[in-house]
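Peer 1: Attaching a single structure in structure tokens format; questions to follow.
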Ligand SMILES: C[S@@+](CC[C@H](N)C(=O)[O-])C[C@H]1O[C@@H](n2cnc3c(N)ncnc32)[C@H](O)[C@@H]1O
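Numbering (UniProt numbering), first residue to last: 1 to 363.
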């Protein structure tokens with residue numbers, strides 16, 4: 001059963017302007033021209049990145065950057081007035097991760113007061129890298145992405161985000177990063193062992209860390225309150241199946257990251273897992289708050305996550321995807337369904353040449 005709030009707002013969370021706006025932008029500098037129409041293409045009602053010379057459609061999710069006066073007349077006709085903004089979803093999920101991690105941007109035992117060199121791969125809107133740079137201005141923070149959807153203004157102390165395909169060559173990147181951050185890149189990468197090898201080789205010997213957080217979308221429920229034939233089960237199974245077929249899996253198999261890390265040369269792997277409620281049904285205050293943000297991010301992003309994968313890979317119609325997503329949205333806003341999923345977080349310590357690595361699935 002839906003509660004009134006969920007019926008009205010379609011999620012358990014409505015963001016106020018003060019929460020969406022950062023309050024520390026007095027020392028920002030411009031770093032790039034706005035994304036132009038030539039950088040994107042329109043498909044199934046959303047804007048996707050052309051990724052420059054990089055393989056088109058490599059990234060299966062929209063970026064929705066081009067809006068308003070950046071659009072030509074023809075493009076404006078394509079975009080309905082309800083055009084969704086994928087960057088909102090990414091920023092809500094950033095807030096969710098912060099809440100789930102007690103407001104910490106990282107958990108690796110770094111000397112945060114020193115001028116560390118930090119690389120954020122697949123940086124998205126750059127929100128994590130920007131916040132890190134705001135908080136620790138002495139750090140050298142850089143984000144890499146195949147879509148330049150970061151804000152046009154960035155902190156003065158931050159390195160400009162760079163157009164870089166992390167599946168391609170890393171020859172132009174330096175070898176002395178103190179910290180490499182990876183978040184929600186499952187579904188983007190074909191071979192994780194290859195990427196972990198590159199990460200390993202580009203971390204500073206002896207002291208470098210890599211930390212990764214991924215969402216295992218498969219719904220779990222311990223008290224059988226979520227029906228086994230739920231739309232949420234169907235949605236996750238279709239999305240994960242589609243991305244398996246696409247060759248950029250989003251699925252989390254127990255022990256798989258540990259195996260990939262080991263293949264890349266890391267050792268001493270330590271892991272734990274975090275439970276995240278699909279809605280604020282938990283009695284625990286922190287889990288409730290994290291569930292609220294997770295619910296907001298997923299309610300906002302269901303179509304973005306599903307559309308291209310389900311239409312182009314599974315052959316579903318846009319309407320079928322929309323109906324499925326509407327049902328999922330209702331289920332995740334039903335407090336009596338005690339569904340949760342798992343967040344896998346890896347924190348690895350590259351201790352070259354001893355190849356020591358510490359890995360953690362966050363709980
Ligand atoms: C789900 S978003 C996550 C963004 C960010 N890490 C966060 O947690 O907010 C994935 C991002 O990875 C980028 N991406 C996908 N494949 C990539 C690749 N091969 N190289 C660099 N970036 C990539 C996408 O453009 C997108 O911005």
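Glycine is no exception: its CB is placed at the ideal position from the N, C-alpha and C atoms.
For residue 285, count neighbouring C-beta atoms within 10 Å of its own C-beta (all shown protein chains included) and say buried if the count is 16 or more, exposed if not.
Peer 2: The count along the chain shown starts at 1 and reaches residue 285 at position 285. It counts as exposed.
Peer 1: Given this structure, state the Cα-to-Cα distance separating residue 143 from residue 209, to the nearest angstrom.
Peer 2: Here the question's residue 143 lines up with position 143 in the chain shown. Here the question's residue 209 lines up with position 209 in the chain shown. Looking at the two C-alpha atoms, the distance is approximately 16 angstroms.
Peer 1: Look up residue 263 in the DSSP assignment and say whether it is helix, strand or coil.
Peer 2: Residue numbering aside, residue 263 sits at position 263 when the chain shown is read from its first letter. Three-state DSSP puts residue 263 in a helix.
Peer 1: Just checking residue 97 against ligand 1 - is the residue's beta carbon closer than 8 angstroms to any of the ligand's heavy atoms?
Peer 2: Your numbering for residue 97 matches position 97 in the chain shown. Yes, the beta carbon of residue 97 sits closer than 8 angstroms to at least one heavy atom of ligand 1.
Peer 1: Can you check which of these residues, 263, 177 and 278, is closest to residue 221 by C-alpha distance?
Peer 2: By one-based count along the chain shown, residue 221 stands at place 221. Checked all of 263, 177 and 278; the closest Cα to residue 221 is 278.
Peer 1: Give a single yes or no on whether residue 387 has its beta carbon closer than 8 angstroms to a heavy atom of ligand 1.
Peer 2: Past the boundaries of the shown model lies residue 387; the chain is included only from 1 to 363, so the question cannot be answered.
Peer 1: When burial is assigned at 16 or more other CB atoms within 10 Å of the CB, is residue 343 buried or exposed?
Peer 2: Here residue 343 refers to the residue found at position 343 of the chain shown. Buried: at least 16 other Cβ atoms inside 10 Å.
Peer 1: Please determine if the region 312 to 319 and the region 236 to 247 are in contact, where contact requires at least 3 C-beta pairs separated by less than 8 angstroms.
Peer 2: The region 312 to 319 is in contact with the region 236 to 247.
Peer 1: Please report the Cβ distance between residue 86 and residue 296, rounded to the nearest whole angstrom; I am assuming they are in contact, meaning their Cβ atoms lie under 8 angstroms.
Peer 2: Here residue 86 refers to the residue found at position 86 of the chain shown. Here residue 296 refers to the residue found at position 296 of the chain shown. With a Cβ gap of about 14 angstroms, residue 86 and residue 296 do not count as contacting.
Peer 1: Of all the options 247, 91 and 59, which has the alpha carbon lying nearest to the alpha carbon of residue 307?
Peer 2: Mapped onto the chain shown, residue 307 falls at position 307. Checking every option, the nearest Cα to that of residue 307 belongs to 59.
Peer 1: In chain order, what residues of the same chain lie with their CB nearer than 8 angstroms to the CB of residue 24, ignoring the 5 residues before and after it?
Peer 2: Residue 24 sits at position 24 when you count from the first residue of the chain shown. Reliability fails at residue 24, whose pLDDT of 46 lies under 50, so the model's placement of it is uncertain and the value that follows must be treated cautiously. Counting only Cβ-Cβ distances below 8 angstroms, and skipping sequence neighbours, we find 134.
Peer 1: Is it the case that the CB of residue 159 approaches a heavy atom of ligand 1 more closely than 8 angstroms?
Peer 2: On the chain shown, residue 159 is found 159 positions in, with the first residue counted as 1. False, no ligand heavy atom lies under 8 angstroms from that Cβ.
Peer 1: Run the proximity test for residue 344: is its beta-carbon closer than 8 angstroms to any non-hydrogen atom belonging to ligand 1?
Peer 2: The sequence position of residue 344 within the chain shown is 344, counting from 1. Answer for residue 344: no, Cβ out of range of ligand 1.
Peer 1: Could you please give the first and the last residue of the uninterrupted beta strand (DSSP E) stretch that includes residue 154?
Peer 2: Here residue 154 is taken as the residue at index 154 of the chain shown, counted from 1. Counting along the chain, the beta strand (DSSP E) containing residue 154 begins and ends at 153 to 155.
Peer 1: Does the Cβ-Cβ distance between residue 291 and residue 273 come in under 9 angstroms?
Peer 2: By one-based count along the chain shown, residue 291 stands at place 291. By one-based count along the chain shown, residue 273 stands at place 273. Result no, Cβ atoms of residue 291 and residue 273 do not sit closer than 9 angstroms.
Peer 1: Among the candidates 266, 198, 97 and 336, whose CA atom is the shortest distance from the CA of residue 283?
Peer 2: Here residue 283 corresponds to residue number 283 of the chain shown, with the count starting at 1. It is 336.
Peer 1: Cα-Cα, which of 151, 44, 40 and 99 is closest to residue 293?
Peer 2: Start at 1 with the first residue of the chain shown, and residue 293 comes out as number 293. Answer by Cα proximity: 99.
Peer 1: Give me, in chain order, the residues of the same chain whose beta-carbon lies closer than 8 angstroms to that of residue 321; leave out the 5 immediate sequence neighbours on both sides.
Peer 2: The residue you call residue 321 lines up with position 321 of the chain shown. The residues are 303, 306, 307, 310 and 311.
Peer 1: Let's see if you can read the secondary structure: which residues bound the beta strand (DSSP E) around residue 140?
Peer 2: Here residue 140 is taken as the residue at index 140 of the chain shown, counted from 1. Residues 140 to 145.
Peer 1: In whole angstroms, give me the CA-to-CA distance for residue 251 and residue 136.
Peer 2: Numbered from its first residue, the chain shown carries residue 251 at position 251. Numbered from its first residue, the chain shown carries residue 136 at position 136. Going from the Cα of residue 251 to the Cα of residue 136 covers about 34 angstroms.
Peer 1: With DSSP as the reference, identify every bridge partner of residue 162, one or two as the case may be.
Peer 2: The residue labelled residue 162 in the question sits at position 162 within the chain shown. According to DSSP, residue 162 bridges with 144.
Peer 1: Less than 9 angstroms separating the beta-carbons of residue 166 and residue 189?
Peer 2: Locating residue 166 in the chain shown gives position 166, counting from the first residue. Locating residue 189 in the chain shown gives position 189, counting from the first residue. Taking 9 angstroms as the Cβ cut-off, residue 166 and residue 189 qualify as a contacting pair.
Peer 1: Roughly how many angstroms lie between the CA atoms of residue 119 and residue 148, to the nearest whole one?
Peer 2: In the chain shown, the residue the question calls residue 119 occupies position 119. In the chain shown, the residue the question calls residue 148 occupies position 148. If you take the alpha carbons of residue 119 and residue 148, they lie about 16 angstroms apart.
Peer 1: Cα separation between residue 20 and residue 153?
Peer 2: Residue numbering aside, residue 20 sits at position 20 when the chain shown is read from its first letter. Residue numbering aside, residue 153 sits at position 153 when the chain shown is read from its first letter. Only weak support exists for where residue 20 lies, its pLDDT of 40 falling under 50; the value from the coordinates is given anyway. Cα to Cα, residue 20 sits roughly 16 angstroms from residue 153.
Peer 1: With 16 as the cutoff for other CB atoms within 10 Å, does residue 323 come out buried or exposed?
Peer 2: Residue 323 sits at position 323 when you count from the first residue of the chain shown. Per the 10 Å Cβ criterion, exposed.
Peer 1: Assuming contact is defined by CB atoms lying nearer than 9 angstroms, are residue 211 and residue 106 in contact in what I supplied?
Peer 2: Numbered from 1 along the chain shown, position 211 holds the residue referred to as residue 211. Numbered from 1 along the chain shown, position 106 holds the residue referred to as residue 106. Result yes, Cβ atoms of residue 211 and residue 106 sit closer than 9 angstroms.
Peer 1: Within 10 angstroms of its Cβ, does residue 193 collect 16 or more other Cβ (buried), or is it exposed?
Peer 2: As a first step, residue 193 must be located in the chain shown, where it is residue number 193. Counting Cβ neighbours within 10 Å, residue 193 comes out exposed, since fewer than 16 surround it.
Peer 1: When you compare only the Cα positions, how much space is there between residue 224 and residue 140?
Peer 2: Residue numbering aside, residue 224 sits at position 224 when the chain shown is read from its first letter. Residue numbering aside, residue 140 sits at position 140 when the chain shown is read from its first letter. One C-alpha to the other measures close to 48 angstroms.
Peer 1: Taking the straight line between their C-alpha atoms, what separation do you get for residue 164 and residue 206?
Peer 2: In the chain shown, the residue the question calls residue 164 occupies position 164. In the chain shown, the residue the question calls residue 206 occupies position 206. Rounded to the nearest angstrom, the two C-alpha atoms are 26 angstroms apart.
Peer 1: Tell me where the beta strand (DSSP E) around residue 120 begins and ends.
Peer 2: Taking the chain shown and counting its residues from 1, one reaches residue 120 at position 120. Its beta strand (DSSP E) spans residues 117 to 121.
Peer 1: Please list the terminal residues of the continuous alpha helix (DSSP H) segment that includes residue 325.
Peer 2: What you label residue 325 is simply residue 325 of the chain shown in a count that begins at 1. Residues 318 to 332.
Peer 1: With DSSP collapsed to three states, give me the class of residue 134.
Peer 2: Within the chain shown, the letter at position 134 stands for residue 134. Residue 134: helix per DSSP, three-state reduction.
Peer 1: For ligand 1, any of its heavy atoms closer than 8 angstroms to the Cβ of residue 167?
Peer 2: What you label residue 167 is simply residue 167 of the chain shown in a count that begins at 1. Because some heavy atom of ligand 1 lies under 8 angstroms away, the Cβ of residue 167 counts as near it: yes.
Peer 1: Can you tell me which residues form a DSSP beta bridge with residue 277?
Peer 2: Taking the first residue of the chain shown as position 1, residue 277 is located at position 277. According to DSSP, which records beta bridges pairwise, residue 277 is partnered with 340.
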